[in-house]
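*Asks:* Each residue of the sequence shown is one higher than the one before, counting from 1 in the numbering used here.
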Amino acid sequence: LNDLKPMAKGGFGSIYVATWIDGPRWTVKEGKLVRDGKTEVVIKVLDKLECGSVKFFEELKVCLQCSVSGSVLRCYGITRVPSFEKFAMVMAYCSDGDLHQTLRRSFSTITWAFCRKTLWQIAYGLEEVHKHNLVHGDFHSGNIFIVAEGAIIGDLGLCRLVDDVSSERQRGSSFGVLPYVAPENLRGKPYTHKSDVYSFGMIMWELTTASTLFEWHFEKKNHQEFNTAQALRLQMKRRNVEAELHSQAVYTSRLLDFPEVKAVRAKEETGDESDYKSRQLELAI
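#1: Straight-line CA distance for ILE153 to ALA229?
#2: So does the segment 75-86 actually touch the segment 113-123, counting three or more Cβ pairs closer than 8 Å?
#3: Grouping DSSP H, G and I as helix and E and B as strand, with all else coil, what is PRO179?
#4: Would a C-beta distance cut-off of 8 Å place CYS115 and MET89 closer than the cut-off?
#5: With contact counted as at least three CB pairs below 8 Å, one residue from each stretch, are the segment 136-151 and the segment 196-209 in contact?
#6: If we require 4 or more residues per run, which alpha helix (DSSP H) segments fall completely within the segment 70-137?
#7: Any idea if PHE57 is buried or exposed, counting beta-carbon neighbours within 10 angstroms, 16 or more meaning buried?
#8: In the DSSP assignment, what are the bridge partners of THR39?
#9: Who are the Cβ neighbours of TYR180 in its own chain at under 6 Å, not counting the five residues just before and after it?
#10: Report the residue from ALA151, SER67, GLY142 and LYS9 whose alpha carbon sits nearest the alpha carbon of VAL129.
#11: Can you have a look at LEU178 and say buried or exposed, based on whether 16 or more other CB atoms are within 10 angstroms of its CB?
#12: Hey, out of GLY142, ARG80 and ALA151, whose CA is closest to GLY176's CA?
#13: For LYS117, I'd like the list of residues in its chain whose CB is within less than 7 Å of its CB, leaving aside the five on either flank, ordered along the chain.
#14: To the nearest angstrom, how far is it from the Cα of LYS131 to the Cα of SER69?
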């Protein structure tokens, strides 16, 4: 690998783009393995995990299991990055970006045929994940990648067995992108296959509208006004008001003398209304 370039950084790790000099092996010809040659790949380094961590190999196992179908982002294997002294996963690089970027970039040219095909491919990929009794756990348009063949599911870093996800939830673990998280998960319930299906519904909405639910829309002018007001508020200093007693002031207090007032009674069961009267109170303060 060479030409390692930073691409993105998240809460769990860093993503780099690199050039695989020999390229992946894909077939056997005349008794020899044939490689593709120079290929751009993604290098995923899990920053918070130590080399040889069990969680690292758990994610690797999940990627290898699901990527066989072709509907999940392909994982070629692992490598060791000398500059970081850490193991990293080598995965396929999607030059067209993710579904979220595609919708923002060219929604006006997207056809219903593209929508139907994309949704079918996403559903098929999610079914493959669920067949292994796994929950994706972080299912949103940013983790759906666009390739020449269509849409594939990626970023299985939070993918877990159903039983493991339930135990993590009991310990108070929380994850996911808010607009795509099912309401029951926000209330502390464990993630299930149904949670992924709810997220898939949010992706369907985004694919047909190019917007996410609960998305705030502010005009540029509103942003400027808000930022200006926020800056002024931070500059303001609270005045130090000190209480002082006047030497000639007389401070007294006494109970208020309320005249008798007829108590308000509810209507009798017979339906007769009580005689309500009111008069102005003369309060001597």
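Built from N, CA and C at the ideal position, the CB exists for glycine as well.
*Replies:* Based on what the coordinates show:
#1: Approximately 43 Å, taken between the alpha carbons.
#2: Counting Cβ pairs under 8 Å, fewer than three are found: no touch.
#3: Residue state, collapsed to three classes: helix.
#4: In this structure, MET89 does not lie closer than 8 Å to CYS115 by Cβ.
#5: The segment 136-151, when compared against the segment 196-209, does touch it at the 8 Å Cβ threshold.
#6: Runs of the alpha helix (DSSP H) inside the segment 70-137: 99-106 and 112-131.
#7: When all chains shown are included, PHE57 counts as exposed.
#8: DSSP output for THR39 lists TRP20 as bridge partner(s).
#9: Correct list, in chain order: HIS140, SER199 and MET202.
#10: Comparing Cα-Cα distances from VAL129 to each of ALA151, SER67, GLY142 and LYS9, the minimum goes to SER67.
#11: With fewer than 16 Cβ atoms within 10 Å of its Cβ, LEU178 is classed as exposed.
#12: Answer by Cα proximity: GLY142.
#13: Answer for LYS117: GLY150, listed in chain order.
#14: About 11 Å.
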